[in-house]
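A.B. asks:
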Amino acid sequence: MNKRTHLIKPLLGMDYGVISHGKGIYLYDEEGNSFLDGCSGAVTANIGHGVSEITEAMVNQANQVSFVYRSQFTSSSAEELAERLAQSAPGDLDWVFFVNSGSEAMETALKIAIQYWQELGRPTKNKVISRWMSYHGITMGALSMSGHVIRRSRFTAMLEQYPTLSPPYCYRCTFKDHCPNCSKQYALEFEREVQRLGADTIAAFVCEPIVGAAGGAVVPPETYFKEMKAVCNRYDILFIADEVMTGIGRTGKMYAMEHWGVVPDILALGKGMSAGYTPMAATLVSDRIIQTIERGSKIVLSGHTFSANPLSASICLAVFNYIKKHNVVENAEKSGAILLRGLENLKSIYPIIGDVRGRGLLTAIEFVQDPLTKEPFPLQNEVTNRFIRKCYEEGLLVYTAAGGLNGVAGDAVIVAPPLIIQEHEVQILLDKLNKGLTELVSELAT
Ligand code: PLP
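Going by this note's numbering, the sequence shown opens with residue 271, and the numbers climb by one from there.
Have a look at this one:
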């Protein structure tokens with residue numbers, strides 16, 4: 271552990287050592303320790319580890335062909351995966367562009383939105399409006415759209431300075447004086463910003479249905495998306511949903527936007543689409559947008575060498591089939607409700623838990639110094655990292671969402687196990703969290 275090697279570890283992580291194998295919801299390291307994967311890696315390993323159906327699909331496709339160049343050939347696996355995704359997606363999100371990571375899916379979403387308005391002869395519509403406390407990826411375009419202060423900090427000068435709205439963060443609501451009508455206030459803020467900048471400069475509004483890494487399972491108020499979509503419709507603004515973390519069942523619906531019945535114009539997928547068995551992601555695009563592009567320049571001006579790679583596509587297809595066959599999305603809803611109840615119970619025991627929240631199996635705990643004033647811990651106290659370390663010592667992996675409060679404070683931990691987790695395993699997870707909390711509280715008291 272902590273050995274110096276030649277591998278650059280991005281975004282300085284915990285450096286836990288070397289994993290030898292995984293099975294179901296558990297990972298095993300080379301020293302013989304086992305870990306309950308309480309965060310599915312980076313909220314990715316949705317069907318758990320070591321699923322033989324997936325490795326069989328991998329081998330079968332590799333035995334046929336692993337790579338074709340997407341500007342020369344297509345493959346039956348990429349075609350079938352696109353068809354399955356289009357059929358499962360809401361509304362007229364009928365078209366699929368394959369990429370290799372969530373960041374690329376969001377870059378593609380941005381480019382397609384801008385290209386759409388160009389095709390319609392409106393090239394000044396080239397900005398996106400995003401929100402603070404959001405994360406859309408690490409590449410420059412995706413980072414420009416991200417309201418994640420820490421990840422932006424070194425590169426601010428190189429990023430587009432897109433307008434940024436208040437996040438719909440119920441625990442610390444910007445418009446709490448208007449409760450329960452805060453959604454209208456968020457929409458009003460959006461509308462005023464559009465009017466200030468001019469609707470003819472705005473291509474799209476971009477959001478995560480449930481905020482992930484930048485805040486920790488932050489679920490918006492019930493009517494928020496309907497109100498925001500109404501503003502989009504009023505001012506000819508496209509709605510981009512970043513479902514890289516929430517998509518493919520994580521929140522107890524195939525797509526999180528289904529919770530609110532709002533259909534985006536563009537929707538990005540990643541993480542759970544391959545469940546971590548291969549790097550693959552996708553941008554789903556509405557029929558209206560693609561028809562407009564087809565009438566204009568005819569092609570989507572983007573693409574990567576590995577786009578629509580047949581090996582990755584066959585793996586994602588096997589993951590998709592597994593999810594359907596084993597009712598994984600339904601299980602996410604059922605096990606998620608049990609997990610959230612368990613977290614509420616922990617909140618009633620530990621005053622340092624200010625908030626617990628989430629939908630399906632995307633849940634989070636937020637720590638505070640004082641539950642009455644909601645005073646956060648100073649970031650330099652590293653409460654989140656210390657808790658993650660305590661959980662690790664109990665054989666449980668959880669994920670950081672610290673720093674969401676504009677990068678200066680805010681301690682949140684995401685709990686998001688594989689969607690196949692069963693009730694008795696949720697109980698084991700909760701017991702480990704409980705032990706981690708006891709350890710953290712006694713350490714903070716010293
Ligand atoms: N969008 C969201 C909502 C994410 O959570 C992430 C990653 O955490 C990304 C985009 C970027 O995806 P990737 O890390 O695969 O580039």
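Beta carbons: idealized from backbone N, C-alpha and C, even for Gly. None of these values were measured; they are calculated from a predicted model.
Closer than 6 Å by C-beta to C661: which residues in its own chain qualify, once you throw out the five before and the five after it? Chain order, please.
C.D. replies: Looking up residue 661 in the sequence shown gives position 391. Correct list, in chain order: V668 and G706.
A.B. asks: Using 7 Å as the cut-off, classify the Cβ of M550 as near or not near the heavy atoms of the ligand PLP, replying yes or no.
C.D. replies: Translated into the one-based positions of the sequence shown, residue 550 becomes position 280. Not so, every heavy atom of the ligand PLP lies at least 7 Å from the Cβ.
A.B. asks: In this structure, what does DSSP give as the bridge partners for R627?
C.D. replies: As a working note, residue 627 is residue 357 in the sequence shown. For R627, which the question treats as bridged, DSSP gives the partners A634.
A.B. asks: Are the beta-carbon atoms of G482 and A356 separated by less than 8 Å?
C.D. replies: As a working note, residue 482 is residue 212 in the sequence shown. As a working note, residue 356 is residue 86 in the sequence shown. It is not a contact, given that the beta carbons lie outside the stated cut-off.
A.B. asks: Apart from the five residues on each side of it in sequence, which residues of its chain come closer than 6 Å, Cβ to Cβ, to Y723?
C.D. replies: No statement about residue 723 is possible, as the shown extent of the chain runs from 271 to 716 and does not include it.
A.B. asks: Does E645 come out as helix, strand or coil in the three-state DSSP assignment?
C.D. replies: Taking the first residue of the sequence shown as 1, we reach residue 645 at position 375. It is a strand residue.
A.B. asks: Quick check on G294: does DSSP put it in helix, strand or coil?
C.D. replies: One-based indexing of the sequence shown puts residue 294 at position 24. G294 falls in the strand class under three-state DSSP.
A.B. asks: For A457, report the span of its beta strand (DSSP E) as first-last.
C.D. replies: Position 187 of the sequence shown, counted from the first residue, corresponds to residue 457. Per DSSP, A457 belongs to no beta strand (DSSP E); it is in the alpha helix (DSSP H), C452 to L467.
A.B. asks: According to DSSP, simplified to helix, strand and coil, what is F425?
C.D. replies: Stepping through the sequence shown from its first residue, residue 425 is reached at position 155. It is helical.
A.B. asks: The beta strand (DSSP E) spanning D364 covers which residue range?
C.D. replies: What you label residue 364 is simply residue 94 of the sequence shown in a count that begins at 1. Per DSSP, D364 belongs to no beta strand (DSSP E) and is neither H nor E.
A.B. asks: Does the Cβ of Q697 have 16 or more other Cβ atoms within 10 Å, making it buried, or fewer, making it exposed?
C.D. replies: On the sequence shown, residue 697 is found 427 positions in, with the first residue counted as 1. With fewer than 16 other Cβ atoms within 10 Å, it is exposed.
A.B. asks: Should V335 be labelled buried (16 or more other beta-carbon atoms within 10 Å of its own) or exposed?
C.D. replies: For the purposes of this step, residue 335 is taken as the residue at position 65 of the sequence shown. Per the 10 Å Cβ criterion, exposed.
A.B. asks: Which residue comes first and which comes last in the beta strand (DSSP E) that contains T553?
C.D. replies: Sequence index remark: in the sequence shown, residue 553 carries index 283 (1-based). Taken as a continuous stretch (DSSP letters only), the beta strand (DSSP E) holding T553 covers A551 to V555.
A.B. asks: When the Cα of G320 is compared with those of K541, E389, L297 and P621, which residue comes out closest?
C.D. replies: Taking the sequence shown and counting its residues from 1, the one referred to as residue 320 is at position 50. The option with the nearest alpha carbon to G320 is L297.
A.B. asks: Regarding V514 and the ligand PLP, is the C-beta to nearest heavy atom distance less than 7 Å?
C.D. replies: What you label residue 514 is simply residue 244 of the sequence shown in a count that begins at 1. Yes, the ligand PLP has a heavy atom inside 7 Å of this Cβ.
A.B. asks: Indicate, with yes or no, if the ligand PLP has a heavy atom lying under 7 Å from the CB of M498.
C.D. replies: Counting from 1 along the sequence shown, the entry for residue 498 is found at position 228. Checking the Cβ of M498 against the ligand PLP gives no.
A.B. asks: Pick out whichever of R401, L587 and V598 has its Cα sitting closest to the Cα of M550.
C.D. replies: By 1-based counting over the sequence shown, the position of residue 550 is 280. Considering only alpha carbons, the answer is L587.
A.B. asks: For P360, which of Q385, K381 and L554 has the nearest alpha-carbon?
C.D. replies: Start at 1 with the first residue of the sequence shown, and residue 360 comes out as number 90. Cα-wise, what sits closest to P360 is L554.
A.B. asks: Could you spell out the range, first to last residue, of the alpha helix (DSSP H) harbouring L508?
C.D. replies: Counted from its first residue, the sequence shown places residue 508 at position 238. Not the alpha helix (DSSP H): L508 falls in the beta strand (DSSP E), residues L508 to D512.
A.B. asks: Please list, in chain order, all residues of the same chain as I622 whose beta carbon is under 6 Å from its beta carbon, the five residues on each side excluded.
C.D. replies: Residue mapping note: residue 622 aligns to position 352 of the sequence shown, counting from 1. Same-chain partners within the cutoff: F637.
A.B. asks: What I want to know is whether the C-beta of G482 ends up closer than 7 Å to one or more non-hydrogen atoms of the ligand PLP.
C.D. replies: The count along the sequence shown starts at 1 and reaches residue 482 at position 212. Yes, the Cβ of G482 comes within 7 Å of a heavy atom of the ligand PLP.
A.B. asks: May I ask which residues mark the beginning and end of the beta strand (DSSP E) holding A332?
C.D. replies: Taking the first residue of the sequence shown as 1, we reach residue 332 at position 62. Not the beta strand (DSSP E): A332 falls in the alpha helix (DSSP H), residues S322 to Q334.
A.B. asks: Span of the alpha helix (DSSP H) holding K248?
C.D. replies: With the chain running from 271 to 716 in the structure shown, residue 248 is simply not present.
A.B. asks: If you draw a straight line from the C-alpha of L699 to the C-alpha of K496, how long is it?
C.D. replies: On the sequence shown, position 429 is the one that residue 699 refers to. On the sequence shown, position 226 is the one that residue 496 refers to. In a straight line, the C-alpha of L699 is about 35 Å away from that of K496.
A.B. asks: Please return the same chain residues whose Cβ sits closer than 7 Å to the Cβ of S414, not counting the five positions on each side in sequence.
C.D. replies: As a position in the sequence shown, residue 414 is number 144, starting the count at 1. Excluding residues within five positions, the ones whose Cβ falls inside 7 Å are L429, E430 and Y432.
A.B. asks: Taking only three categories from DSSP, how would you classify G391?
C.D. replies: Against the sequence shown, residue 391 aligns to sequence position 121. Residue state, collapsed to three classes: coil.
A.B. asks: Using the rule of at least 16 other Cβ atoms within 10 Å of the residue's Cβ for burial, across every protein chain shown, is M524 buried or exposed?
C.D. replies: Mapped onto the sequence shown, residue 524 falls at position 254. Its Cβ being crowded by 16 or more others within 10 Å, M524 is buried.
A.B. asks: With DSSP as the reference, label Y432 as helix, strand or coil.
C.D. replies: Reading the sequence shown from its first residue, position 162 is the one you call residue 432. Here Y432 sits in coil by DSSP.
A.B. asks: Tell me where the alpha helix (DSSP H) around V313 begins and ends.
C.D. replies: Sequence index remark: in the sequence shown, residue 313 carries index 43 (1-based). Start and end: S310 to V313.
A.B. asks: Just to check my reading of the structure: A474 and I510 have Cβ atoms closer than 8 Å, yes? What is that Cβ distance to the nearest angstrom?
C.D. replies: Working through the sequence shown from its first residue, we reach residue 474 at position 204. Working through the sequence shown from its first residue, we reach residue 510 at position 240. Indeed, because the Cβ distance is near 5 Å, the residues count as touching under 8 Å.
A.B. asks: Are the beta-carbon atoms belonging to V514 and G540 less than 8 Å from one another?
C.D. replies: For the purposes of this step, residue 514 is identified with residue 244 of the sequence shown, where counting begins at 1. For the purposes of this step, residue 540 is identified with residue 270 of the sequence shown, where counting begins at 1. Yes.
A.B. asks: Secondary structure at S544, three-state DSSP: helix, strand or coil?
C.D. replies: Translated into the one-based positions of the sequence shown, residue 544 becomes position 274. Note: S544 maps to coil in three-state DSSP.
A.B. asks: For P580 and A538, I'd like the C-alpha separation in whole angstroms.
C.D. replies: Taking the first residue of the sequence shown as position 1, residue 580 is located at position 310. Taking the first residue of the sequence shown as position 1, residue 538 is located at position 268. If you take the alpha carbons of P580 and A538, they lie about 20 Å apart.
A.B. asks: What do you reckon, is the C-beta of I658 under 7 Å from a heavy atom of the ligand PLP?
C.D. replies: Within the sequence shown, the letter at position 388 stands for residue 658. For the ligand PLP, not one heavy atom lies less than 7 Å from the Cβ of I658.
A.B. asks: Quick check: the Cα distance between Q561 and S577, rounded to an integer number of angstroms?
C.D. replies: Position 291 of the sequence shown, counted from the first residue, corresponds to residue 561. Position 307 of the sequence shown, counted from the first residue, corresponds to residue 577. Distance between the alpha carbons of Q561 and S577: 21 Å.
A.B. asks: Determine the direct distance from the alpha carbon of E652 to that of S712, and round the result to whole angstroms.
C.D. replies: One-based indexing of the sequence shown puts residue 712 at position 442. One-based indexing of the sequence shown puts residue 652 at position 382. One C-alpha to the other measures close to 15 Å.
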